[in-house]
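A.B. asks: Okay, here's the structure, questions in a sec.
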Amino acid sequence: MPNSYTVSALYIPAFILLIPIYLIFQMHEVNIIELFNKLDTLNLTWNEISISSNLVLWIFLANLIRYIGKHQLENKIFNFGRTFPTTQFLKKKSNILSQSFKNRIFELIYNDFNFDISKLNNMNKDEEELELKDYVSQIRIKVGKGTLTFNHNVRYGQIRNFIGGLYIILPILIINSIYIFYISKYGLIENTLLVINFLFFLIFLLKKTIIIKYADEYANMLFNDYINLQRS
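Set out below in structure tokens:
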């Protein structure tokens with residue numbers, strides 16, 4: 004069974020992205036129920052378990068948008084995690100967090116994981132980022148599914164995966180919009196699709212700003228949860 008993160012951060016964005024595809028089918032008068040019924044007859048068998056083709060396609064789409072969101076967005080924007088806000092906030096030259104707040108975090112890192120914090124002073128930029136990335140990995144494990152951190156992690160995952168899915172859905176919507184402009188008659192479905200196309204395209208243009216905003220919120224909540232964590 005998929006966990007709550009997978010459902011919220013992966014399957015929900017995939018479902019939202021499929022809404023305009025459903026409308027495109029409706030616009031072109033494709034019988035979706037009949038199509039799904041045909042796909043259901045193409046069941047796959049694995050370890051003597053029969054799996055619906057619809058389910059396979061759904062899982063494939065969800066994981067595809069996650070892959071694109073991770074590798075086309077997150078890794079490129081944040082240099083494979085080295086410049087993720089959780090790392091950037093802790094850097095010596097960063098003034099996003101107060102110095103007293105950072106000192107408290109480093110004190111807890113030393114107490115919790117016995118890391119030699121002092122060596123950060125002698126590191127160059129690249130070495131510092133890699134070292135802080137390791138610290139943050141341990142902090143995430145320590146915090147676990149802290150309620151607030153988990154909620155912000157889900158939100159970040161939702162928007163990242165949604166924008167990842169736009170790499171697939173947006174070209175389809177653009178082609179369909181051209182069809183609407185030059186061939187199709189304007190109606191409720193057509194106008195709805197044009198509005199969705201505009202909104203999705205706007206989100207895609209602002210993707211970096213949006214991703215960074217949600218990542219910043221997650222980083223702030225992670226460190227707050229870490230400091231307020233109950234310790235024996």
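Heads up: the sequence shown is residues 4 to 235, going by my numbering. Just so you know, even glycine gets a beta-carbon here, dropped at the ideal spot from N, CA and C. In this text the structure is predicted, and so the values were computed from the model without any measurement.
1. Taking 8 angstroms as the limit between beta carbons, can you name the residues of its chain near Ser187, skipping five residues before and five after?
2. Please report how far the alpha carbon of Leu196 lies from the alpha carbon of Leu176, in whole angstroms.
3. What are the boundary residues of the alpha helix (DSSP H) that Ile10 is part of?
4. Nearest chain B C-beta to Phe83 closer than 8 angstroms, yes or no?
5. Report yes if the C-beta distance between Ile99 and Ile112 is below 8 angstroms; otherwise report no.
6. Can you have a look at Val139 and say buried or exposed, based on whether 16 or more other CB atoms are within 10 angstroms of its CB?
7. Going by the CB atoms, is the gap between Ala218 and Tyr170 shorter than 8 angstroms?
8. According to DSSP, is Phe28 helix, strand or coil?
9. Just the Cα atoms here: how many angstroms apart are Pro16 and Thr89?
10. Helix or strand or just coil, what does DSSP make of Ile199?
11. Going by Cα to Cα distance, which pick from Tyr182, Glu134 and Ile199 is closest to Gln91?
C.D. replies: On the basis of the data shown:
1. Met30 and Glu193
2. 8 angstroms
3. Correcting the residue type first, residue 10 is Val in the shown sequence and not Ile. Premise fails: Val10 is in no alpha helix (DSSP H) and is neither H nor E.
4. Note that chain B does not occur in the displayed structure, where there is just one protein chain.
5. no
6. buried
7. no
8. helix
9. 24 angstroms
10. helix
11. Glu134
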